[in-house]
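Q: Each residue of the sequence shown is one higher than the one before, counting from 1 in the UniProt record's numbering.
The structure under discussion is supplied below as structure tokens; questions concerning it will follow.
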Amino acid sequence: MSLEYHEIQYFRQPWIIALIAGVAIITWYSVLMTEPATGPVQILILLAFGVLLPLFFAVLRLETHVSVDGISYRMPPIVRKERIIPWSDLAAADLITIRPIRDCGGWGIRYCRGEGITYIVSGNQVIRFRKISGERVLLGTRQPEEMIQTIKIYFRAD
């Protein structure tokens, strides 16, 4: 059993890749086939949807780390600064299943009805962290058993 847990999840679902690639291809095609010559508006559209959008999704990820200090997470480039839940601030941690589209409106950083802020890249398995203050943070994971086992090393619910 490991004393630390580290997970990095990328948005690599085939449907997301197809959607982003489709938008980029249509953007490139429409700008390159536009008559007369490409102007500043077309260049901005090309940069936004043909370059920056695919690049954004290529680097967007959820990083989760469980260690002696607590649970840390970030979702760069949106949330670049690491956020930490120290063990002393934690009241409970449990694995739950959510319906991302119905409960939260999709994947990413969302507000999940009745649960709180959710960071989820894919799937429907999340660890729900309840702080002593009452605030809840849900972190998606592809390896729930591993993450829970590492949490149990440091956190004991009373």
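Glycine included, C-beta positions come from ideal geometry on N, C-alpha and C.
Are A24 and G50 close, meaning C-beta to C-beta below 8 angstroms?
A: Taking the sequence shown and counting its residues from 1, the one referred to as residue 24 is at position 24. Taking the sequence shown and counting its residues from 1, the one referred to as residue 50 is at position 50. Taking 8 angstroms as the Cβ cut-off, A24 and G50 qualify as a contacting pair.
Q: To the nearest angstrom, how far is it from the Cα of H65 to the Cα of Y154?
A: As a position in the sequence shown, residue 65 is number 65, starting the count at 1. As a position in the sequence shown, residue 154 is number 154, starting the count at 1. Distance between the alpha carbons of H65 and Y154 is about 13 angstroms.
Q: Decide if L62 is buried, meaning its Cβ has at least 16 other Cβ atoms within 10 Å, or exposed.
A: To locate residue 62, count along the sequence shown from 1; it is residue 62. Flag for L62 reads buried.
Q: Going by the DSSP bridge assignment, what does R83 pair with across the sheet?
A: Along the sequence shown, one-based indexing puts residue 83 at 83. Beta-bridge pairing links R83 to Y73.
Q: Below 6 angstroms CB to CB, which residues in the same chain sit around D103 once its five sequence neighbours on both sides are set aside?
A: Sequence index remark: in the sequence shown, residue 103 carries index 103 (1-based). Answer for D103: C112, R113, listed in chain order.
Q: Just to confirm my understanding: we take S133, look at its own chain, exclude 5 residues before and 5 after, and list those with CB closer than 8 angstroms. What are they?
A: Here the question's residue 133 lines up with position 133 in the sequence shown. Correct list, in chain order: D89.
Q: Considering only residues of the region 83-155, which uninterrupted beta strand (DSSP E) runs meet the minimum length of 3 residues and lie entirely inside it, listed in chain order?
A: The region 83-155 contains these whole beta strand (DSSP E) runs: 90-97, 108-112, 116-120, 125-131, 136-140.
Q: On the DSSP bridge assignment, give the partners of Y5 in chain order.
A: Residue numbering aside, residue 5 sits at position 5 when the sequence shown is read from its first letter. In the DSSP output, where bridge partners are listed per residue, Y5 has V66.
Q: Roughly how many angstroms lie between the CA atoms of A7 and L95, to the nearest whole one?
A: Within the sequence shown, the letter at position 7 stands for residue 7. Within the sequence shown, the letter at position 95 stands for residue 95. Contrary to the premise, residue 7 reads as Glu rather than Ala in this sequence. Straight-line Cα distance between these residues: approximately 16 angstroms.
Q: Evaluate contact between the region 37-49 and the region 68-87, counting only Cβ atoms and requiring at least three cross-stretch pairs below 8 angstroms.
A: No, the region 37-49 is not in contact with the region 68-87.
Q: Buried or exposed: which applies to Q13, given that a residue is buried once 16 or more other Cβ atoms fall within 10 Å of its Cβ?
A: For the purposes of this step, residue 13 is taken as the residue at position 13 of the sequence shown. Q13 should be labelled exposed.
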